[in-house]
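Numbering (the working numbering), first residue to last: 109 to 763. Each residue gets a CB set at the ideal place from its N, CA and C atoms; glycine is no exception. Values in this document were obtained by computation on a predicted structure and should not be read as measured data.
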Ligand code: WTA
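As structure tokens, this is what we get:
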């Protein structure tokens, strides 16, 4: 059925040796299997990829849509599946994690070591009273200990909520309170790009802000030994807690629907949402997609450069590769330190064969390599690479070509993986050895995923015509609910007009000939800055929280060569509109304010000031106009309904 022949410009090197999904015929066969018996297809894979303590007897339960359940009467433990199972298979001495610290120091951790460390921490958490179903916030940088903390929670049935180490005290506080966490696991500091940055101090600040009374204990991993404050009744060193704890800890066998984790992410309205994931269905898709999308084999060295604070670091660092018994690289630092050759140096040193990163990183490294031949990938031996991956935002064809040619040596297929925090794992992606590639397209749905493009009433749009990306059938690793906000879950993802389909929030278009998907970007007010999701409303709320200065603010995105999108804020002050140096000074002040309120990733790239915002006579802000202004486009829209057209000239002015 596939249209391979019709593809205009397939990259012939999309071939892998003896791939898990061998050719388009194999892909089509899997799609057909899922179509013929949807629940049966996923049940077969769930038996193949997951080791169950008690086998499930039911696959999909859709009796209470959209609160779907998968494999509900089965019991399992994720940490057992990622660690013990591999040791039992004889992989105890295999390296699970090659950790490279910011300063280049390398530590190797075998599966036996990782299991022992996980058990000791799990026992320590239990000794502090953490029980099945309790929430534990993890606020750490990239580290073996971070992965161990996640695995230890999974082992005892505690639900973790990892908060990215770049979030501010305020954001951390909101997430601790939202989850009702009983414990926070953190580090004294993090080492990034040669600098030491605080973590524990931010936890202290977050708790001091109030609302975190549920937190009984803070466990601190000593990373740098830098100075920190200490509250003896609450704070405990991780090494003291785990010392003397047994290296054995019986896994807590939980039901397949037990919440493995919450992960807060931005939406178009309101505060960030605590996306709740399951245990069984999530683990299945983590393991399955790691194997098929990356064609992962036993002797591969896998490196996903994401942070464990984002979903990519959950699925493709903490869980997927470990569930398969793979060897993976975990990197503490940043791609530009000590120089922009760091990634290539590490690929060479660790003989990385599968490399998974974000377009933003590629674009910034292209720029740096163009300016300095010494950090160009051509200077390194990257012949160990077999497969490249991209995630988090659209990869523009120019970056794709560079990645393909200079990093992959023209040999390696690039899997452009489209997915979301809510989907748990890959949704639309090429499979190496099966899918011919087209730069800029994430190609076809993962076998079994019912991705489609519809109009506002949920009807299919013809190929070649853009529309709303939906998933028509529930899938095992889908979001189960928004923590504590079931109605918000229903209205955000299953709006009534869309016939019960899952609304991704992205626009997409399918090629009429190849049937390939191309993601055209978010259709809501979610921005994607360097692959980080940000709600415009969150940034607006942060700005207006600066009550001394700000009367009103509106935030829009605009395209940016390096970061994909950039944040542009339009601000009305409580005082007269500033100009010249004063405007620059206040813009800097506000940018830092947002950095403190949310985190540095949310700082607007540009702030412009007006006496007012462009509004209709009924008081509605005309965001379309703001988007044009942010892009420095001439205003071609009809402005006759505008209450105050004079502000347009003010807001067109840069500081
Ligand atoms: C965008 C990250 C184009 C998209 C895994 C989605 C992409 C949002 C791609 C989710 C891709 C992710 N091509 N766009 N390959 N991958 N996106 O939740 O807008 O941080 O909705 O998950 O990133 O971001 P999130």
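(Q) Could you tell me the alpha carbon to alpha carbon distance between residue 603 and residue 368, rounded to whole angstroms? (A) Walking along the chain shown from the start, residue 603 turns up at place 495. Walking along the chain shown from the start, residue 368 turns up at place 260. Roughly 26 Å separates the two Cα atoms.
Q: Mind reading off the beta-carbon distance from residue 706 to residue 276? Whole number of angstroms is fine, and I expect it under 8 Å.
A: On the chain shown, position 598 is the one that residue 706 refers to. On the chain shown, position 168 is the one that residue 276 refers to. Confirmed, Cβ separation roughly 6 Å.
Q. Around the C-beta of residue 347, are 16 or more other C-beta atoms found within 10 angstroms, so that it is buried, or is it exposed?
A. Within the chain shown, the letter at position 239 stands for residue 347. Residue 347 is exposed by the Cβ-count criterion.
Q | Paired residues, beta bridge with residue 298 - DSSP | A | Your numbering for residue 298 matches position 190 in the chain shown. 305.
Q: Return yes when the Cβ of residue 501 is within less than 8 Å of the Cβ of residue 639, no when it is not.
A: The sequence position of residue 639 within the chain shown is 531, counting from 1. The sequence position of residue 501 within the chain shown is 393, counting from 1. Yes, the Cβ-Cβ distance between residue 639 and residue 501 is below 8 Å.
Q. Of all the alpha helix (DSSP H) runs that stay within the bounds of the segment 315-367, which reach a length of 4 or more residues?
A. 346-350
Q) Does the ligand ATP have even one heavy atom less than 7 Å from the beta-carbon of residue 275? A) With respect to the ligand ATP, the structure offers nothing, as its ligand set consists of the ligand WTA.
Q) What are the partner residues of residue 613, as DSSP defines its beta bridges? A) Within the chain shown, the letter at position 505 stands for residue 613. BP columns for residue 613 are empty, so no partner.
(Q) So, with DSSP's three-state summary, where would you put residue 645? (A) One-based indexing of the chain shown puts residue 645 at position 537. If DSSP states are grouped into helix, strand and coil, residue 645 belongs with the helices.
Q) Looking only at its own chain, which residues have a Cβ that is under 6 Å from the Cβ of residue 219, when we skip the five neighbours before and after it? A) As a working note, residue 219 is residue 111 in the chain shown. Residues of the same chain with a CB within less than 6 Å of the CB of residue 219, apart from the 5 flanking positions on each side, are 194, 195, 199, 200, 202, 204 in chain order.
Q: May I have the straight-line CA-CA distance separating residue 682 from residue 453, to the nearest angstrom?
A: Here residue 682 refers to the residue found at position 574 of the chain shown. Here residue 453 refers to the residue found at position 345 of the chain shown. Taken atom to atom, the span from the alpha-carbon of residue 682 to that of residue 453 is near 51 Å.
Q. Where does residue 114 sit, in a helix, a strand or coil, going by DSSP?
A. By one-based count along the chain shown, residue 114 stands at place 6. In this predicted model, residue 114 has a pLDDT of only 35, less than 50, meaning its place in the structure is not dependable enough to derive any value.
Q: Taking 8 Å as the cut-off, decide whether the C-beta atoms of residue 460 and residue 510 are in contact.
A: Translated into positions along the chain shown, residue 460 becomes position 352. Translated into positions along the chain shown, residue 510 becomes position 402. Their beta carbons are not under 8 Å apart, which means residue 460 does not touch residue 510 by this criterion.
Q. Which partner residues does residue 636 have in the DSSP bridge list?
A. By one-based count along the chain shown, residue 636 stands at place 528. Its beta-bridge partners are 641.
Q | Helix, strand or coil at residue 471 according to DSSP, with G and I counted as helix | A | Sequence index remark: in the chain shown, residue 471 carries index 363 (1-based). The answer is helix: DSSP assigns residue 471 an H, G or I state.
Q: Closer than 7 Å by C-beta to residue 128: which residues in its own chain qualify, once you throw out the five before and the five after it? Chain order, please.
A: Here the question's residue 128 lines up with position 20 in the chain shown. For residue 128, where only same-chain residues beyond five positions count, the Cβ hits under 7 Å are 399, 400, 403.
Q) Excluding five sequence neighbours on each side, which residues of the same chain lie with their C-beta closer than 7 Å to the C-beta of residue 540? A) Position 432 of the chain shown, counted from the start, is the residue given in the question as residue 540. If we look at residue 540 and ignore the five residues flanking it on each side, its Cβ neighbours are 122, 124, 127, 403, 495, 521, 523.
(Q) Would you say the beta carbon of residue 384 is closer than 7 Å to some non-hydrogen atom of the ligand WTA? (A) On the chain shown, residue 384 is found 276 positions in, with the first residue counted as 1. Checking the Cβ of residue 384 against the ligand WTA gives no.
(Q) Cutting at 6 Å between CB atoms, please list the residues of its own chain near residue 447, excluding the five before and the five after it. (A) The residue given as residue 447 occupies position 339 in the chain shown. So the qualifying residues of the chain are 483.
Q) Can you tell me whether DSSP reads residue 384 as helix, strand or coil? A) Here residue 384 refers to the residue found at position 276 of the chain shown. Three-state result, residue 384: strand.
Q: Give every residue of the same chain whose Cβ lies closer than 7 Å to the Cβ of residue 285, excluding the five residues on either side of it in the sequence, and list them in chain order.
A: Here residue 285 refers to the residue found at position 177 when the chain shown is read from its first residue. For residue 285, where only same-chain residues beyond five positions count, the Cβ hits under 7 Å are 319, 320.
Q: Starting from the C-beta of residue 582, find all residues in its chain whose C-beta is less than 7 Å away, skip the five residues before and the five after it, and write them out in chain order.
A: Your numbering for residue 582 matches position 474 in the chain shown. Hits under 7 Å: 168, 170, 176.
Q: Compute the minimum distance between the beta carbon of residue 641 and the heavy atoms of the ligand WTA, and state whether it is under 7 Å.
A: Taking the first residue of the chain shown as 1, we reach residue 641 at position 533. Correct: residue 641 has its Cβ closer than 7 Å to the ligand WTA.
Q | Three-state secondary structure assigned by DSSP to residue 160 | A | Reading the chain shown from its first residue, position 52 is the one you call residue 160. Coil.
Q.
Applying the 10 Å Cβ sphere with the 16-neighbour rule, what's the burial state of residue 527?
A. The count along the chain shown starts at 1 and reaches residue 527 at position 419. Label assigned to residue 527: buried.
Q: In angstroms with no decimal places, state the Cα-to-Cα distance between residue 302 and residue 631.
A: Start at 1 with the first residue of the chain shown, and residue 302 comes out as number 194. Start at 1 with the first residue of the chain shown, and residue 631 comes out as number 523. Answer to the nearest angstrom: the Cα atoms are 39 Å apart.
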